[in-house]
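Chemist:
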Amino acid sequence: MTTPLQITTGHTADGGAQLRAVGEIDLTNAEQFADRLRAALSPGVRLQVDLTRVDYLDSAALATLFAHAEQLDIRISPLNEALLVFSGLDQLATVEVVPSGGDADGSGDGRGRL
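Just so we're aligned: the sequence shown equals residues 1 to 114 in UniProt numbering.
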């Protein structure tokens, strides 16, 4: 059974822009994800995309991330780390791996950078 996608926008602990997704991002909701991500972007400002609670990413979600990679700081769980590494997205965007039980707001330690 798929986990419905929930997307929220807000700010990180240091005041930066953030988009947080929870659930699964696949062909059925990738357009919604892309629309919300584009709406959260501002020229010249980096956007933290928190995917630490995303259970599944498909190629449509990856395409959206690739399209805006130069503006993104992506946070993921170890579950999706290999996907971002194998796709090469970690070479274009800042990617942080947040261990299970890690902070969700990006304000603490315990994060690994790719």
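We put the CB at the ideal spot given by N, CA and C, even for glycine.
Taking the alpha carbon of T8 as the point to measure from, which residue in F33, L79, T2 has its own alpha carbon closest?
Modeler: F33
Chemist: Leaving aside the five residues before and after N80 along the sequence, list all residues of the same chain whose C-beta is less than 7 Å from its C-beta, in chain order.
Modeler: L51, V54, L57
Chemist: Do the CB positions of T64 and A30 come within less than 8 Å of each other?
Modeler: yes
Chemist: When burial is assigned at 16 or more other CB atoms within 10 Å of the CB, is D90 buried or exposed?
Modeler: buried
Chemist: Could you spell out the range, first to last residue, of the alpha helix (DSSP H) harbouring R36?
Modeler: 30-40
Chemist: Looking at C-alpha atoms only, which residue of A67, A69, V45, I74 is the closest neighbour of R20?
Modeler: I74
Chemist: Excluding sequence positions up to five away, which residues of its chain have a Cβ less than 6 Å from the Cβ of P4?
Modeler: Within the same chain, and ignoring the five residues on either side of P4 in sequence, the residues whose Cβ sits closer than 6 Å to its Cβ are G23.
Chemist: Looking at the unbroken alpha helix (DSSP H) that takes in V98, where does it start and where does it end?
Modeler: For V98, no alpha helix (DSSP H) encloses it, and the DSSP letter there is neither H nor E.
Chemist: Just tell me which of L62, A13, D14 has its CA closest to the CA of L37.
Modeler: L62
Chemist: On a CA-only basis, which of P78, L72, P43, Q48 is nearest G10? Give me that one, please.
Modeler: Q48
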